[in-house]
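Chains A and B supply the protein sequences, listed in that same order. Counting in my numbering, the final residue of the first sequence is number 563, and the numbers go up one at a time with none missing. Counting in my numbering, the final residue of the second sequence is number 858, and the numbers go up one at a time with none missing. Each residue gets a CB set at the ideal place from its N, CA and C atoms; glycine is no exception.
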Amino acid sequence: MRVLVALSIGLVLSGAVEAEPMSRVRQGAIAQTERTTPAESLEKALGELRELAELDLVAELIPKGREWVGSGGVLAGSGEARALVAHALHNAGEEEEALAILMSGELANSERAWVDLERVRLHLEQDQLDSALKLLTLAPDSPDQADSLALRHPQIEESWLLLARTFARAGDLRRSAKAAQEFVKRAPLHPGAPNALHLLATAAVEVRNPELANSYLSRARELERWHQILLARRLQLRRNPDAPLPRLGLGMAWMQVRAHDRALVEFERLVSEHPTYSRGWFHLGEAHRLKGDLDAAYLAYGRAVETDAAQHLARFNRAIIDLMNQRPAEARRALEILVANPEVESDPRFVEAHMHLGKLCEAAGERDQARAHMARYEELRAALEE
Amino acid sequence: MAMNNRSPLRARTHLGLAAALSLGLVASCAEEPAPSRVPDSSKSEASATPGAENSPGKPVPPAATVTLPDNQAREVLTWKGRFDDEAKSRGLDYQNRSGEAHKPTVLEANGAGVAVLDLESDGDLDLVFGQGLESLRALVAGPGADVVPYLNDGSANFAAGAAPELSGWWTGLAAGDLDGDGATDLVVAGYGDLALLLQGEGGTLVRETSPVLEPPASGRLIPGEEREVGQIPLWATSLALFDADHDGELDLYVGQYLELDPLDPPLGSLGEGALEFPCSWKGHEVYCGPRGLVAQPDRLLRGLGNGQFEDKTEAWLPKVEAGYTLAVAAFDADGDGDTDLYVANDSVANRLFINDGSASFQDFATPSGVAVNQDGLAQAGMGVAVGDVNRDGRADLAITNFSGEPTELYFGAPIGFRPETHRLGLGRYTRRLLSWGTHLIDFDGDSNLDLFTANGHVYPQADEAYTGTEYAQSDTIWSLRPGLPIAPVELASKTSMLSIPRVSRGSAVADFDGNGAPDLVVTTIDGPVLFGLNRTELASGGANRLSLLLLGADNEDEEAGAPRTPREAFGARVIVTPAAPDGVEVFRQLAEVQTSGSYQSASTPWLHFGLGTLAGYASIEIRWPSGRQETLPPGEAGRALTIREGEGVIREESFR
Numbered sequence: 178m179r180v181l182v183a184l185s186i187g188l189v190l191s192g193a194v195e196a197e198p199m200s201r202v203r204q205g206a207i208a209q210t211e212r213t214t215p216a217e218s219l220e221k222a223l224g225e226l227r228e229l230a231e232l233d234l235v236a237e238l239i240p241k242g243r244e245w246v247g248s249g250g251v252l253a254g255s256g257e258a259r260a261l262v263a264h265a266l267h268n269a270g271e272e273e274e275a276l277a278i279l280m281s282g283e284l285a286n287s288e289r290a291w292v293d294l295e296r297v298r299l300h301l302e303q304d305q306l307d308s309a310l311k312l313l314t315l316a317p318d319s320p321d322q323a324d325s326l327a328l329r330h331p332q333i334e335e336s337w338l339l340l341a342r343t344f345a346r347a348g349d350l351r352r353s354a355k356a357a358q359e360f361v362k363r364a365p366l367h368p369g370a371p372n373a374l375h376l377l378a379t380a381a382v383e384v385r386n387p388e389l390a391n392s393y394l395s396r397a398r399e400l401e402r403w404h405q406i407l408l409a410r411r412l413q414l415r416r417n418p419d420a421p422l423p424r425l426g427l428g429m430a431w432m433q434v435r436a437h438d439r440a441l442v443e444f445e446r447l448v449s450e451h452p453t454y455s456r457g458w459f460h461l462g463e464a465h466r467l468k469g470d471l472d473a474a475y476l477a478y479g480r481a482v483e484t485d486a487a488q489h490l491a492r493f494n495r496a497i498i499d500l501m502n503q504r505p506a507e508a509r510r511a512l513e514i515l516v517a518n519p520e521v522e523s524d525p526r527f528v529e530a531h532m533h534l535g536k537l538c539e540a541a542g543e544r545d546q547a548r549a550h551m552a553r554y555e556e557l558r559a560a561l562e563e
Numbered sequence: 203m204a205m206n207n208r209s210p211l212r213a214r215t216h217l218g219l220a221a222a223l224s225l226g227l228v229a230s231c232a233e234e235p236a237p238s239r240v241p242d243s244s245k246s247e248a249s250a251t252p253g254a255e256n257s258p259g260k261p262v263p264p265a266a267t268v269t270l271p272d273n274q275a276r277e278v279l280t281w282k283g284r285f286d287d288e289a290k291s292r293g294l295d296y297q298n299r300s301g302e303a304h305k306p307t308v309l310e311a312n313g314a315g316v317a318v319l320d321l322e323s324d325g326d327l328d329l330v331f332g333q334g335l336e337s338l339r340a341l342v343a344g345p346g347a348d349v350v351p352y353l354n355d356g357s358a359n360f361a362a363g364a365a366p367e368l369s370g371w372w373t374g375l376a377a378g379d380l381d382g383d384g385a386t387d388l389v390v391a392g393y394g395d396l397a398l399l400l401q402g403e404g405g406t407l408v409r410e411t412s413p414v415l416e417p418p419a420s421g422r423l424i425p426g427e428e429r430e431v432g433q434i435p436l437w438a439t440s441l442a443l444f445d446a447d448h449d450g451e452l453d454l455y456v457g458q459y460l461e462l463d464p465l466d467p468p469l470g471s472l473g474e475g476a477l478e479f480p481c482s483w484k485g486h487e488v489y490c491g492p493r494g495l496v497a498q499p500d501r502l503l504r505g506l507g508n509g510q511f512e513d514k515t516e517a518w519l520p521k522v523e524a525g526y527t528l529a530v531a532a533f534d535a536d537g538d539g540d541t542d543l544y545v546a547n548d549s550v551a552n553r554l555f556i557n558d559g560s561a562s563f564q565d566f567a568t569p570s571g572v573a574v575n576q577d578g579l580a581q582a583g584m585g586v587a588v589g590d591v592n593r594d595g596r597a598d599l600a601i602t603n604f605s606g607e608p609t610e611l612y613f614g615a616p617i618g619f620r621p622e623t624h625r626l627g628l629g630r631y632t633r634r635l636l637s638w639g640t641h642l643i644d645f646d647g648d649s650n651l652d653l654f655t656a657n658g659h660v661y662p663q664a665d666e667a668y669t670g671t672e673y674a675q676s677d678t679i680w681s682l683r684p685g686l687p688i689a690p691v692e693l694a695s696k697t698s699m700l701s702i703p704r705v706s707r708g709s710a711v712a713d714f715d716g717n718g719a720p721d722l723v724v725t726t727i728d729g730p731v732l733f734g735l736n737r738t739e740l741a742s743g744g745a746n747r748l749s750l751l752l753l754g755a756d757n758e759d760e761e762a763g764a765p766r767t768p769r770e771a772f773g774a775r776v777i778v779t780p781a782a783p784d785g786v787e788v789f790r791q792l793a794e795v796q797t798s799g800s801y802q803s804a805s806t807p808w809l810h811f812g813l814g815t816l817a818g819y820a821s822i823e824i825r826w827p828s829g830r831q832e833t834l835p836p837g838e839a840g841r842a843l844t845i846r847e848g849e850g851v852i853r854e855e856s857f858r
């Protein structure tokens, strides 16, 4: 139990990394391919447009976007790309061109949804609430179904948010809240989620439930702050693509919201680009650990220690995994290294090192040593409590 | 709500307010007048919207059920008459200085305000402008700038007045009688300083030491004096003089902005090394802030009646996070007879400080729906205007914002406020503007309030490609007719002050030429002042108007501790009921005596009412801050009335 508790509060491990696992980790971290398929090129171009839009880098987005969604362009058939470019053009005051991009040319039905939703956004900017609603929803089959509006494109999560905003602007907070609730359920980390939470809070105020309102507002504020951090990291990364710190910060931002998969992507890329960056390895280990992959965590922690012997947290966590996997000798070696360093020994994060050593010594029949370790553990613990 | 004369305001109860407060909500206990339209034959010419809404006598549907028809063409109202910029020809040669042209710091982008006040106590309204310098370096090196007064000869011709010899970088202003001598004084906010100027002989403004008002040494910036990196000046922006505690003396809310080290300002980026964060907007490098810089908390000072203050921030204001304050308006938000405060913050939530009657304030912005916009986003919050737009007897709010954000319009509701921006179509008109000074006032005299905004971007980079906006923008007026969509106003004259794209900032309204029509004065960044004399007319000819100046009673005989009306009657609420033929219901027009609001500026204490084609008023009801209520009998329009509490009309003049 103590070991599990220790892990759950982010302990540090250490240990040697075996050559084979190390290379396995390395391979996983390298996200490069020799050749890109047309589909991958498309996805890459769309990803670039999305990034430029999210970072509001319109001066780059518009020229690229015009070329890519224009006739014969690589993204001419992408509704999402057209929507992104049209949005940027509209905000830049090029309203006619924006509309032309949305309305011209053939688009597969599956791509039309993006165009429809962008048109909804433009209607909202023009305070055309009726038109926005008509484009968002399907007409009810009968008058008595008027209350249950069906979304035209429910598969795209932004539909729900746009519906919520439209209803809110029209003063219908009840229906706004229903749509907002659905959006938050589908996309809890979406940049629009604070908006949806705010609409839920407004509806809660309307029905005189201030506790619920405050709870939504608190979540909204937290999420908004997180998005600001994420945006800052992305801008920093764009400005300094070769520096490890911004990508480390980006990964840690994802960890903050328990999006470990996203965090792993960043940390793996980080260590592939900076293989001697010990902090990157440590956080990669953390992400693996929190995802439940202790083997991968073990390897990453090991790399952290290998690149920097002062990665005490990595060494400690690795020792705990050794204990869990019945490798007492490895664990003992790591823990003894830690307690031999006076600064580490007195660090509250490692106070249990002596406790684990005491148990290991006891198991090995070294009673005197076991007693010494347990006594030291009690001493350090008492000092902490003071 | 029936009230006895002079009943203590705090003894009054209102179930709605008590219940709402128990849920953390705000209620309004204003009366519900029967809404109806003043019959005005000019309406059919002015409005392009046919239909029942304009028929005389037909009740106007409540705003909540009105939604802008999507297929309605954008209606533009063309006003007859003139509203030209006459600054130069009338002697207003003020030229603003606000730092370097490329605006490397946020201080240099924010500009100065203007105050309207009667210097010389001759009944004419004069002007004092804030002022900056050519750069932040120049401020540190000294000498600093002075504020710039102009004296009105009564016909809106101005001459430079005696300057008070200040030295600093001056931002916001507030005017009111602070020492009880009957002459209007001035408080001037600045970057690194706050100055109390008492009006003396001949209208001169003399600086009086005010230890509580002025920043402590650590927050003071004295131009020319040596300083070190890390010494951060206090930066005051907008001010509001109002009576918080009903003692008849004016108290002061000091809005404060952010920490900016004049010796080491952030330039182009925040942070260092790999974690350097570019200060950018739409991909262009711009000045840093406010986000990323430390906000400074506001202050609330109690006036002692002798020109001095007592700091009551801790006792009267709740502990809220400091919020980059740019604008503040004092007004009775919940109609309970005391003065509340709306504080507009830049990039973070706005505040609605509700006064419990004993000068203890609590922030109810969130439950009242006026903290952030409908999408839950905090906006730039540059300026605030207060007025009863839909004539329901409750104060409404207009808040100006950044480009990409609409000017927000909120109507007072039985509880809190109701957002009307998008329902009435203001969003689409304002989303490309960056707006500052703002007023809700009846410019054309048709009995409906109009909305004015002073516009201009913060970033010169706004003129780059793909920003969707511009640095210089024309100021704008919209007509707000109850029950109808908002309509932008054009003046027939090609030289109107609305046709000049400028980089505007602060603004104030007042009737400078005595014709009853509110005029406009607007400051610009690095440019001349705009001064518009309002000579607009209704389609049928000149509108009938009424102007009121309220004065509090002489309080010498009052029992100690009893609520008092300030000398200049700040906080007095007036309802003018136009006189209409039998059977025709009219809109009762509510206004409150306050001079704060807009952006870093102070407007006239006069109240201006438009009566359209109606020749007079049926009554003037006044609720004085002391608790006294009075009703004046019917009278004719076309006059400026001075009314003293308890004495009725003590002076009247016909409009020129």
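Quick one: which chain B residues come within Cβ less than 7 angstroms of residue i?
i, result
"proline 371 of chain A", "Gly578"
"threonine 589 of chain A", "The displayed coordinates of chain A run from 178 to 563. Any statement about residue 589 of chain A would go beyond what the structure contains."
Residues of chain A with CB closer than 7 angstroms to the CB of residue i, please, in chain order.
i, result
"glycine 670 of chain B", "Asn268, Ala269 and Gly270"
"threonine 568 of chain B", "Leu394"
"alanine 535 of chain B", "Ordered by position in chain A, no residue passes the 7 angstroms Cβ test against alanine 535 of chain B, which lies about 16 angstroms from the chain."
"glycine 743 of chain B", "Neighbours of glycine 743 of chain B on chain A: none; closest Cβ ~34 angstroms, over 7 angstroms."
Please report the residue range of the alpha helix (DSSP H) in which residue i lies.
i, result
"asparagine 386 of chain A", "No alpha helix (DSSP H) contains asparagine 386 of chain A, which DSSP labels as neither H nor E."
"phenylalanine 444 of chain A", "437-450"
"arginine 596 of chain B", "Arginine 596 of chain B -> no alpha helix (DSSP H), and no H or E assigned at all."
If you follow the beta strand (DSSP E) that residue i is part of, which residue opens it and which one closes it?
i, result
"tyrosine 526 of chain B", "Unbroken run through tyrosine 526 of chain B: none, as it is neither H nor E."
"threonine 214 of chain A", "It is not in any beta strand (DSSP E) - threonine 214 of chain A carries neither H nor E in the DSSP assignment."
Would you mind working out which of the options sits nearest residue i, comparing C-alpha positions?
i, options, result
"alanine 440 of chain A", "A/Glu450, A/Ser449 and A/Gly426", "A/Gly426"
"lysine 484 of chain B", "B/Gly509, B/Ala397 and B/Ser605", "B/Ser605"
"aspartate 784 of chain B", "B/Asn298, B/Leu816, B/Glu794 and B/Ala771", "B/Leu816"
"proline 690 of chain B", "B/Gly658, B/Ile556 and B/Gly627", "B/Gly627"
"arginine 259 of chain A", "A/Leu279, A/Glu271, A/Ser248 and A/Glu273", "A/Leu279"
"glycine 773 of chain B", "B/Glu451, B/Ala317 and B/Pro827", "B/Pro827"
"glutamine 488 of chain A", "A/Leu467, A/Tyr454, A/Ala345 and A/Ala473", "A/Tyr454"
For a contact defined as C-beta to C-beta under 8 angstroms, what are the partners of residue i on chain A?
i, result
"glutamate 478 of chain B", "Gln413, Arg416 and Asn417"
Residues of chain B with CB closer than 9 angstroms to the CB of residue i, please, in chain order.
i, result
"isoleucine 278 of chain A", "By Cβ distance, chain B contributes nothing, its closest Cβ being about 15 angstroms from isoleucine 278 of chain A, past 9 angstroms."
"aspartate 293 of chain A", "Here the premise fails: no neighbours, minimum Cβ distance about 16 angstroms."
"proline 423 of chain A", "Ala476 and Leu477"
Can you name the residues of chain A whose CB is closer than 9 angstroms to the CB of residue i?
i, result
"valine 342 of chain B", "In chain order: nothing, as chain A lies at least about 30 angstroms away."
"glycine 629 of chain B", "Leu301, Glu302, Gln303, Asp304 and Arg346"
Assign residue i to one of three DSSP states: helix, strand, or coil.
i, result
"leucine 217 of chain B", "Only weak support is given to the placement of leucine 217 of chain B: the predicted model assigns it a pLDDT of 28, under 50, and the value that follows is read from those uncertain coordinates. If DSSP states are grouped into helix, strand and coil, leucine 217 of chain B belongs with the helices."
"tyrosine 631 of chain B", "helix"
"proline 703 of chain B", "strand"
"tryptophan 458 of chain A", "helix"
"valine 591 of chain B", "coil"
"tyrosine 475 of chain A", "helix"
"serine 637 of chain B", "strand"
"glycine 812 of chain B", "strand"
Can you list the beta strand (DSSP E) stretches of 3 or more residues lying completely in the region 259-337 of chain A, in chain order?
none
What are the uninterrupted segments assigned as beta strand (DSSP E) that are 3 or more residues long and contained completely in the region 412-460 of chain B, given in chain order?
438-444 and 453-458
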